[in-house]
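The sequence shown runs -25 to -1, 1 to 824 under mature numbering (1 follows the signal peptide of the UniProt record, and there is no 0).
Positions of the beta carbon are idealized from the N, C-alpha and C atoms, including for glycine.
As the structure is a computational prediction, the values presented were derived from the model and not from experiment.
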Amino acid sequence: MRRFATTIASLLLLLSAGTAAFGQAHLNATMTGDQERPAVVTAAHGSAVFALIGDELHFYLTAEGLTGPITAAHIHSGKRGVNGGVIHNIFDDFKGGNTAHGTWSGLTAAQITDLIAGNYYVNVHTAANPGGEIRGQIDIAGGTHFTANLNAAQENPGTGAAGLGTGSFTLTPEGLEYKITVNALTGGISAAHFHTGDIGVNGGVAFDIGGSFSGTTAEGVWRRGAGAGALTDALVKELLLGRLYVNVHTAANPGGEIRGQVLLASGFGGSARLDQAQEVPPTGAAGQGTAAFTLTPDGLVFNITVEGLTGPITAAHFHRAAAGSNGGVVRTLTGDFSGGTASGVWRSSDSEPLTDDLICALFSQDLYVNVHTAAHPGGEIRGQVLLYTGNTTLVANLSSNQEEPTNPSTGRGTATLRLSGTTLSYDVSVQGLTGAITAAHFHLAPIGTNGGVIFNIAGAFVGNTAHGSLAGLTAAQVKDFLKGNFYVNVHTAANPGGEIRGQAVLSSGCGLRFPFSDDQEVPATGSTALGTGSATLTNDGLVYAITVSGLGSAFSAAHFHGAATGVNGGVVRDFTGSVASNHVEDVWSPADAQPLSATMRDNLMLGNIYANVHTVGNPGGEIRGQLNPATGFAAEGPLVGGAEVPPVPTFGMGAAGTTLCEGGIVYGLSFADLTSAFTAAHFHSAPPGSNGGVVFNITSSVVGGTGRGVWTRTAGLTDALICDYFAGELYINVHTTVNPGGEIRSNLFDLTPSDAPEPSILSAQLQLRTAPNPTRGLAAISYRLPESSFVALRIYDAQGALVHTLANETQEAGSHEVEIDGSGWSGGIYFVRLETGLGSATRKLILVP
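Okay, structure coming up:
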């Protein structure tokens, strides 16, 4: 997805939505007076968007409604609710108005870690408020969220210890941001690590996090890279497939006292049923299969099991075509299979890349999985990939390692579940068992623990595949499914207690993170207690886990409250009764007495809900954590008159940011210095350089010059419009009385260079194109100059290093084309950057090895 067309030296590269690019992370900040310490009473607001590329932070910021001219502006060091010193001055980046755009170069490794960890804020000062009139914490704007519930039962073998913990993780292109809190250990922490290993499997140390603990809470960033101790591409794949765990060691339990599997907790979930009837023409074969998918900013995670084939798999692929039609191969799966089960991640950096167009095909149900055999070389069984955006999806990967105790079976399986209200639909396929299935059930127990049979599904099996549904689930059963407390167990004569088992865990939703501290309380309490919260917002409720430690007095209550950062709000959900030993794992459901309403869902996605932990000594709250989205596909851009068609001469400017997750598109914008009164604002659908119709009206969300809201499916966000989002063909338009057709516009992937004057045209009019794209070496780069101009045409790699200069000269008006041969370059992602006196543009170029 072309989320920004940028300059490497300024602002901002945004990549294909297929996966976020290495070396680039997206962040944002919403600025208010309430976040100042002490709070400032002001009508002013602001929005800022950031992209971190290598050691450069590119930004665009607009403040509006201030009490007077801006006298200073900075990026400061400080966590939410804490004042800190100036780290970088951005005052000089304001170009005579209320909008700044620039680049902070040369960030150190420590500064990048603090930035990703949420330890910086932006502050705008005025004469009336010299300490700062509005401020905004810089938060992750997009990424892939994971969670871990730590306990003794997940140790192998279990330790019987009473300790518990919560881990919150967000994968960005810079690395994995983590926060972990543990409680009630037998003694001090002697070591802590990320380990490689599936559920029930012990593995080696992948990354040491012992030094990042302060007391019983750890925070840090595991940086991506290729060297020793780095989060390598191979480890990212293991992370996405749920094959990393956190282990906390003590003197009493040197091999690990409590452990938690790091599980995917965000994305768009989907599945496929494979059979012969979907082949064109049908094959008549008896084979079947089940596939589970989760689309994340880091790729499409897949798990597939097939069984009953006429012979060994000779090939397997993703193909592109609608149901009932045959299409070409778009990604080979053959090498991902081990026996009849495949697991992997399809990424934009693959030799057969997951492109923006293929993501659109995924939403359009135009991809299928095809499994070939010698008897059926054109495909024996096939299954259409379906995303279930209206349901909560779960996945279970079955293996003998998850049995308690384990057994030596090499059998494997895949189960996919779809929850809708009180009905659960399921598909299960298993293969490689020691013998025929004698029984199969859903059991109730968390990872590492055996539980009783709740639902018998043996009768749903035909061969080694089952399809079925469970209607009339109780409210408690729905919550236990959402919390990951059910597992699928398949029994055989050789293993009557269960041969293979798989924990059913979430595979869809919007992730949220919420670290706890006393500084977030209003006023601050001075407590040294800390905590970690992790949550996933699903169609059926908010699934959350919290652990706090070091409270100054006895726990007395815990609630969700409704208010933004720096503001106190009323209780919207009491979860006091679910807390035990300063730990809770629960679900806030639409069916609760204090229900999760549509308004509450929107407030969660907008960061307007906080969790508050009360104690006897601090009855108003000792520590608090603001819930902030930590997942999704981000797209940002400036609001400028030059993006209008035709361009509008105006000093008005603004900043706009969006993030797409399963719950919808979260948007925020601020603008200032318009020619006349604001009248309306909308999302429109059209490519850059063209005008399109209104697809979503956001006028009512704008107060002063700032608007924030959520565009949900119930408000008309369709799969076709999601395709437009990935294609860079949605834009935000701000209308005024003097310019009723639109005064400033953001194409949500294009930002003006920080060191250039406001252009008369932007990248849309330059018509920069690359074809073919992806390419194996040869490609043509074309563009059009409306008038004669100096032209610099360069190619950069994903880390921002200059690879080749194609033009550095004055060129005449008209169409231009340059051919390149990248056959000698390393495969991966590159950026073609066109800079002219008329505007600038950037396009991504994928080079396939």
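Distance between beta carbons of residue j and residue i, contact taken as under 8 Å
| i | j | result |
| --- | --- | --- |
| residue 556 | residue 158 | 6 Å |
| residue 98 | residue 137 | No, residue 98 and residue 137 are not in contact; Cβ-Cβ is about 44 Å, not under 8 Å. |
| residue 175 | residue 377 | 5 Å |
| residue 37 | residue 74 | 5 Å |
| residue 65 | residue 51 | Rounded, the Cβ-Cβ distance is 11 Å, inconsistent with contact. |
| residue 238 | residue 480 | 5 Å |
| residue 393 | residue 384 | About 28 Å separates the two Cβ atoms, so there is no contact after all. |
| residue 128 | residue 422 | 7 Å |
| residue 304 | residue 292 | 4 Å |
| residue 587 | residue 533 | 7 Å |
| residue 600 | residue 506 | 6 Å |
Coarse secondary structure for residue i, derived from DSSP in three states
| i | result |
| --- | --- |
| residue 822 | strand |
| residue 220 | strand |
| residue 789 | strand |
| residue -21 | Confidence is the limiting factor: at residue -21 the pLDDT is only 27, short of 50, which leaves the residue's position unreliable, though a coordinate-based value still follows. If DSSP states are grouped into helix, strand and coil, residue -21 belongs with the strands. |
| residue 731 | Residue placement at residue 731 is flagged as unreliable, the pLDDT there being 31, under the threshold of 50; the coordinate-derived value follows with that caveat. Residue 731 falls in the coil class under three-state DSSP. |
| residue 443 | strand |
| residue 343 | strand |
| residue 600 | strand |
| residue 567 | coil |
| residue 192 | strand |
| residue 296 | coil |
| residue 808 | strand |
| residue 736 | Note that residue 736 has pLDDT 36, beneath the 50 cutoff, so the model's placement of it is unreliable and the number below is only indicative. Looking at residue 736 - three-state DSSP - the assignment turns out to be coil, as it is neither helix nor strand. |
| residue 247 | strand |
| residue 726 | Residue placement at residue 726 cannot be trusted, given a pLDDT of 38 that sits under 50; the coordinates are not used to answer. |
| residue 817 | strand |
| residue 454 | helix |
| residue 376 | helix |
| residue 478 | strand |
| residue 10 | coil |
Beta-ladder partner(s) of residue i, from DSSP
| i | result |
| --- | --- |
| residue 120 | 145 |
| residue 282 | 263 |
| residue 613 | 630 |
| residue 700 | DSSP lists no partner for residue 700. |
| residue 210 | Answer by DSSP bridge pairing: none, since residue 210 is not bridged. |
| residue 335 | Partner(s): none; residue 335 has no beta bridge. |
| residue 238 | 122 |
| residue 801 | DSSP output for residue 801 lists no bridge partner at all. |
| residue 646 | 629 |
| residue 794 | 755 |
| residue 307 | 292 |
Residue j beta carbon less than 9 Å from that of residue i
| i | j | result |
| --- | --- | --- |
| residue 181 | residue 146 | no |
| residue 40 | residue 102 | no |
| residue 414 | residue 403 | no |
| residue 24 | residue 116 | yes |
| residue 87 | residue 10 | no |
| residue 437 | residue 484 | no |
| residue 661 | residue 704 | yes |
| residue 561 | residue 520 | yes |
| residue 603 | residue 488 | yes |
| residue 361 | residue 276 | no |
| residue 546 | residue 530 | no |
| residue 710 | residue 625 | no |
| residue 723 | residue 816 | no |
| residue 765 | residue 707 | no |
| residue 492 | residue 54 | yes |
| residue 516 | residue 636 | no |
| residue 32 | residue 82 | yes |
Opening and closing residue of the alpha helix (DSSP H) in which residue i lies
| i | result |
| --- | --- |
| residue 55 | First-last for residue 55: undefined, no H or E at that position. |
| residue 574 | 573 to 580 |
| residue 547 | Here residue 547 belongs to no alpha helix (DSSP H); instead the beta strand (DSSP E) covers 546 to 549. |
Span of the beta strand (DSSP E), counted from its first residue to its last, around residue i
| i | result |
| --- | --- |
| residue 825 | No answer is possible for residue 825: the residues shown for the chain start at -25 and end at 824. |
| residue 772 | 764 to 772 |
| residue 88 | Not the beta strand (DSSP E): residue 88 falls in the alpha helix (DSSP H), residues 84 to 91. |
| residue 705 | 705 to 711 |
| residue 154 | 150 to 158 |
| residue 491 | Counting along the chain, residue 491 falls outside any beta strand (DSSP E), and DSSP gives it neither H nor E. |
| residue 129 | Where residue 129 is concerned, there is no enclosing beta strand (DSSP E), given that its DSSP letter is neither H nor E. |
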